[in-house]
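For reference, the structure is listed below as structure tokens.
There are 2 protein chains.
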Amino acid sequence: MTQLEHARAGDITPAMHQVAETEKVDVELLRTRVAEGTVVIPLNNSHLNINPVGIGEGLLIKVNANIGTSGDEVDLQEELSKLQAATDAKADTIMDLSTGGDTRSVLEAIMKRSPVPVGTVPIYQAAVEAVRGQGGIIHMTPDLIFAAVEEHARKGVDFMTIHAGVTVAALERLRSQGRITDIVSRGGAFLATWMLYHKAENPFYEGFDRLLSVASEHDITLSLGDGLRPGSLADATDRAQIQELLTLGELAQRAWNAGVQVMIEGPGHVPLDQVEAQVVLQKKLCGGAPFYVLGPLVTDIAAGHDHIACAIGGAVAGMAGADFLCYVTPSEHLRLPSVEDVREGVIAARIAAHAADIARGRKDAIDKDKEMSRARKNLDWERQISLSIDPSKAREYRSGSKPSSNDVCTMCGEFCAIKIVREYFGS
Amino acid sequence: MTQLEHARAGDITPAMHQVAETEKVDVELLRTRVAEGTVVIPLNNSHLNINPVGIGEGLLIKVNANIGTSGDEVDLQEELSKLQAATDAKADTIMDLSTGGDTRSVLEAIMKRSPVPVGTVPIYQAAVEAVRGQGGIIHMTPDLIFAAVEEHARKGVDFMTIHAGVTVAALERLRSQGRITDIVSRGGAFLATWMLYHKAENPFYEGFDRLLSVASEHDITLSLGDGLRPGSLADATDRAQIQELLTLGELAQRAWNAGVQVMIEGPGHVPLDQVEAQVVLQKKLCGGAPFYVLGPLVTDIAAGHDHIACAIGGAVAGMAGADFLCYVTPSEHLRLPSVEDVREGVIAARIAAHAADIARGRKDAIDKDKEMSRARKNLDWERQISLSIDPSKAREYRSGSKPSSNDVCTMCGEFCAIKIVREYFGS
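Those protein sequences? They're chains A and B, same order as listed.
In this text, residue positions in the first sequence follow my numbering: the first is 1, and each later residue adds one.
In this text, residue positions in the second sequence follow my numbering: the first is 1, and each later residue adds one.
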């Protein structure tokens, strides 16, 4: 039985207990939300060495970090260092997006070491095999694709991105409308290419019941991917994107009917004034399923600093109701991220998630900031460092610029407003 | 005559012509807005070596970078390097907030070299002199304070932060209400300390006409500072802050009556869900005067990454109508910023400003992103780098991670979605 089926049956699983305790929410309320599908607990029933994580209504916003090799950068140790950096920076989940080298070994090594839930995009493996074996993505077959899904499920993967909404109808809508950047999702591009070449429907859409049976057996949480997500602000919230979202809403309902946990993936590149509308639309069209957004990036021109464009969009999406933020690193659009890029990406997304948690009135998030502010008022620097989102960086900055008086910092020195006010107001 | 008086008289000044040309707006419309006070052009009438910058309604959102020495860090060359870094990163204005060493020489050197308008906070000079000469801030006198204003005006400073809203009544409201971080504005703390010790009204409030006469003579744009701005999320939008804002609205009206250009400074630390309300309130209470926000920071715990907390708040404030963003660097709350911190701070604020310009429908901002997206679709890497907000960083990232095929990057390599779609869709 899946977490969803247990919840419907009224059973509170150990995972629900752990999530409720971590989140300080009532476990019965949590169970109701899992039963209704507004909360997911991505946890493959054979994946035993991790702490379960809840994503969705009433829970803290979670952050995912993508790692994994590419054809140009294959180094298992480097990817394991990224895993370490991401979890040290407190990423809640990891996705292994490897497409280079021995992708099976990479996934196995990550599964073995990750302390957090792991997601994958199985179509990548099918595409890599079709290219290596037969020389092209068009040589994928539905069986090859489902074999990848089953293999990842058996390996213990907790959630999988499945681009089942890239249908013939959606591609036709995309073509008739036109776009600047057409398709920027790798999974979306692989499937669209295959579909157009073979004049066939998306194998994930046609074989959705087959997918559900694998997901149900292993309790895989389906992350219904937005293969037609906008890759530029100009393409956001267009007919192709919304057509796909309509389909994803229907597929989420089918997943629930089959007792399978499901969340919905979202964009992408979105102008800041459309971010809230995107979230409202997803929640409404997809029956309140958790929303997992990639960014969104609120400008196309921030290459080198896209983690900042992502933090802006992620915070506003989170405030509007998004539940799960996929990080973007400073190297997005330019290269495979380095270990340091991974760290910076996680921290930026966590700032966005935390700002949104506060905006949503989450008391434990609000209390953290109050504690920091009290430490500031008390000129208690050790406490300020330990309460900061990235204590090692805060310590490095402070220790690299020593004030002559220990109770202030070198920005204002003796003219520290807080120190002056404390001395004269006696507060 | 000030720019405001010229505008009212129906004269289009050379500065208005230049601003209208840079911004691609109708010069007569711009003149109307300067006349109404919804646009300011901070330009001391003796400051001849800069390009004028317009701030306010219908114009691109501008970014300010604070530089300057502190008691703990005095190095003129370092501050001039920060000036260079800030303007290289395209800061629109600079503020010299020096409080350490020979602050006069620092200001003179900055005035001589800055290609952009320069702002100061003259109360800092009065405080430094009172501490050095008499051993305490309480030894400031109204004459010493106004002497600093006049000296800066004669040196050609274009805009000045004046904390005239820290009145006895506002301090009483702050005290009766209570706060976590009381006063975090240096100028606010200096004035409050002086006022409480001497049981006297704020010299800037009492002597506002004297201030207006200096401002009018040199065409100083007054930036009415928020000395009681919240220094923690918990203190945001409280009675002390709003009391001060009411006063600033009245003082803005008095400035306009005297033909003096004026803008209003805003917070500070503000929860994301209160940012829009802060802007709406300022615009309404201050008759549409341009709004100059410091951040706002949407969490208190991002020390080491506060430029990101600031970018989130600044983008949302900008979308809601803020006109001018003061950058925050990664070293905020920890140390005086380094040259690299200044660069990072300006870029982060520019990303926020640009995202907000797009959200406000500014066509030239939208077109920039379209151009970038076309370059992406064309896999034109040189063009992508030159269109990015920070070409040097984008180039460094790309050149540090060479793909085996020149038309992709190392993130996806041969599995680049855009490349695949171009090949198969032929678009």
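Every residue, glycine too, gets a C-beta built ideally from N, C-alpha and C.
A quick note: this is a predicted structure, and the numbers were derived from the prediction, not measured.
Return helix, strand or coil for B:E332, following the three-state DSSP convention.
-> Sequence index remark: in the second sequence, residue 332 of chain B carries index 332 (1-based). The three-state reading of DSSP puts B:E332 in coil, since its state is none of H, G, I, E or B.
Can you list the residues of chain B that A:L233 reaches, using a CB-CB cut of under 9 angstroms?
-> One-based indexing of the first sequence puts residue 233 of chain A at position 233. The contact set of A:L233 on chain B, defined by CB atoms closer than 9 angstroms, consists of I358, I366, D369, K370, S373 in chain order.
Which two residues bound the contiguous beta strand (DSSP E) that contains B:Y327?
-> Here residue 327 of chain B refers to the residue found at position 327 of the second sequence. First-last for B:Y327: undefined, no H or E at that position.
Excluding the 5 residues preceding and the 5 following B:E371 in the sequence, name in chain order all residues of the same chain whose CB lies nearer than 7 angstroms to its CB.
-> Position 371 of the second sequence, counted from the first residue, corresponds to residue 371 of chain B. Here the set comprises L387.
Take A:I180 as the anchor and find which of B:I420, B:A375, B:Q384, B:Y397 has the nearest alpha-carbon.
-> In the first sequence, the residue the question calls residue 180 of chain A occupies position 180. When each option's Cα is compared against that of A:I180, the closest is B:A375.
Can you give me the start and stop residues for the beta strand (DSSP E) that A:M95 sits inside?
-> Here the question's residue 95 of chain A lines up with position 95 in the first sequence. It spans 93–96 - the beta strand (DSSP E) in which A:M95 sits, taken as one unbroken run.
Please state whether DSSP places A:T221 in a helix, a strand or coil.
-> As a working mapping, residue 221 of chain A is identified with position 221 in the first sequence. Correct three-state label for A:T221: strand.
Output yes if chain B places a C-beta closer than 8 angstroms to the C-beta of A:F204; else output no.
-> Within the first sequence, numbered from 1, the residue matching residue 204 of chain A stands at position 204. With its beta carbon at least 8 angstroms from every one in chain B, A:F204 lies outside the interface.
Pick out whichever of A:P403, A:A417, A:V40 has its Cα sitting closest to the Cα of A:K430.
-> The shown model of chain A, from 1 to 427, leaves out residue 430 of chain A, and the question about it has no answer.
Taking the Cβ atom as the reference point for each residue, do A:L491 and A:A258 lie within a distance shorter than 8 angstroms?
-> The requested residue 491 of chain A is not part of the displayed model; chain A covers only 1 to 427.
Answer with yes or no whether the minimum CB distance from A:D158 to chain B is below 8 angstroms.
-> Within the first sequence, numbered from 1, the residue matching residue 158 of chain A stands at position 158. No, A:D158 does not count as interfacial toward chain B.
For a contact meaning CB atoms closer than 9 angstroms, what does B:F208 contact in chain A?
-> Against the second sequence, residue 208 of chain B aligns to sequence position 208. Those do not exist, as B:F208 stays about 23 angstroms from chain A at its closest Cβ, beyond 9 angstroms.
Presumed contact (8 angstroms Cβ cut-off) between A:V270 and A:L222, rounded CB distance | Stepping through the first sequence from its first residue, residue 270 of chain A is reached at position 270. Stepping through the first sequence from its first residue, residue 222 of chain A is reached at position 222. Contact flag wrong, Cβ pair sits at about 23 angstroms.
Nearest-angstrom Cα distance between B:R357 and A:L379?
-> Here residue 357 of chain B is taken as the residue at index 357 of the second sequence, counted from 1. Here residue 379 of chain A is taken as the residue at index 379 of the first sequence, counted from 1. Checking the displayed sequence, the identity of residue 357 of chain B turns out to be Asp instead of Arg. Answer to the nearest angstrom: the Cα atoms are 38 angstroms apart.
Which ranges would you report for the beta strand (DSSP E) in the region 28–77 of chain B if only whole runs of at least 3 residues count?
-> Every beta strand (DSSP E) stretch that sits fully inside the region 28–77 of chain B and reaches 3 residues is listed by chain position as 62–67.
From this set, A:I55, A:R8, A:L48, A:S399, which residue's C-alpha is nearest A:V25's C-alpha?
-> The count along the first sequence starts at 1 and reaches residue 25 of chain A at position 25. The shortest Cα separation from A:V25 among A:I55, A:R8, A:L48, A:S399 belongs to A:I55.
So what's B:V275 in DSSP terms, helix, strand or just coil?
-> Taking the second sequence and counting its residues from 1, the one referred to as residue 275 of chain B is at position 275. It is helical.
Quick one: complete alpha helix (DSSP H) runs, 4+ long, within the region 233–298 of chain B?
-> Counting only runs of 4 or more, we get 239–257, 272–285.
What does DSSP give as the partner residues of B:G119 in its beta bridges?
-> Here residue 119 of chain B refers to the residue found at position 119 when the second sequence is read from its first residue. Answer by DSSP bridge pairing, in chain order: B:M95, B:F159.
Anyone know if the C-beta pair for B:F291 and B:V275 falls short of 8 angstroms?
-> In the second sequence, the residue the question calls residue 291 of chain B occupies position 291. In the second sequence, the residue the question calls residue 275 of chain B occupies position 275. The Cβ-Cβ distance between B:F291 and B:V275 does not fall below 8 angstroms.
Can you say whether B:A311 is buried or exposed, counting buried as having 16 or more other CB atoms within 10 angstroms of its CB?
-> Here residue 311 of chain B is taken as the residue at index 311 of the second sequence, counted from 1. Buried: at least 16 other Cβ atoms inside 10 Å.
Extent of the continuous alpha helix (DSSP H) run through A:P14 | Here residue 14 of chain A corresponds to residue number 14 of the first sequence, with the count starting at 1. Run containing A:P14: 14–23, per the alpha helix (DSSP H) assignment.
Positions along the region 83–103 of chain A whose CB lies within less than 7 angstroms of some CB in chain B = Going along the region 83–103 of chain A in chain order, one finds T99, G100 with a Cβ nearer than 7 angstroms to chain B.
Integer Cβ distance of A:D273 from B:M319, believed to fall under 8 angstroms = Locating residue 273 of chain A in the first sequence gives position 273, where the first residue counts as 1. Locating residue 319 of chain B in the second sequence gives position 319, where the first residue counts as 1. Approximately 6 angstroms separates the beta-carbon atoms of A:D273 and B:M319; this is inside 8 angstroms, confirming the contact.
Determine the extent of the alpha helix (DSSP H) in which B:G314 is found, giving its start and end residues.
-> Translated into the one-based positions of the second sequence, residue 314 of chain B becomes position 314. From DSSP, the alpha helix (DSSP H) with B:G314 extends over 306–320.
Cβ contact (3+ pairs, closer than 8 angstroms) linking the region 337–348 of chain B and the region 108–127 of chain B = No contact exists between the region 337–348 of chain B and the region 108–127 of chain B.
A:D380 by DSSP, collapsed to three states: which one?
-> Working through the first sequence from its first residue, we reach residue 380 of chain A at position 380. DSSP places A:D380 in coil when its eight states are reduced to three.
Hey, is B:F146's beta-carbon within less than 8 angstroms of any beta-carbon in chain A?
-> Taking the second sequence and counting its residues from 1, one reaches residue 146 of chain B at position 146. False, the Cβ-Cβ gap to chain A never drops below 8 angstroms.
Spell out whether any CB of chain B is found under 8 angstroms from the CB atom of A:V166.
-> Along the first sequence, one-based indexing puts residue 166 of chain A at 166. False, the Cβ-Cβ gap to chain B never drops below 8 angstroms.
Member of A:L294, A:G400, A:E414, A:D182 whose CA lies at the smallest distance from the CA of B:V131 | In the second sequence, residue 131 of chain B corresponds to position 131, counting from 1. The residue with the shortest Cα to Cα distance from B:V131 is A:E414.
Closer than 6 angstroms by C-beta to B:V298: which residues in its own chain qualify, once you throw out the five before and the five after it? Chain order, please.
-> Taking the second sequence and counting its residues from 1, the one referred to as residue 298 of chain B is at position 298. Excluding sequence neighbours, B:V298 sits near L272, A309, I312, G313.
Just the Cα atoms here: how many angstroms apart are A:H198 and A:H139?
-> Sequence index remark: in the first sequence, residue 198 of chain A carries index 198 (1-based). Sequence index remark: in the first sequence, residue 139 of chain A carries index 139 (1-based). If you draw a straight line from the Cα of A:H198 to the Cα of A:H139, it is about 10 angstroms long.
Tell me which same chain residues have a C-beta within less than 8 angstroms of the C-beta of B:V214, skipping the five on either side of it?
-> One-based indexing of the second sequence puts residue 214 of chain B at position 214. By the criterion of a C-beta distance shorter than 8 angstroms, B:V214 is surrounded in its chain by F146, V149, E150, A153, I220, once the five residues flanking it on both sides are discounted.
Mind checking if A:Q384 is an interface residue toward chain B, Cβ cutoff 8 angstroms exclusive?
-> Working through the first sequence from its first residue, we reach residue 384 of chain A at position 384. Taking a beta-carbon distance threshold of 8 angstroms, A:Q384 counts as an interface residue toward chain B.
Counting only the same chain and skipping the five closest in sequence on each side, list residues whose C-beta sits under 6 angstroms from that of B:G156.
-> Within the second sequence, numbered from 1, the residue matching residue 156 of chain B stands at position 156. Contacts found: N44, S46, H47, M111.
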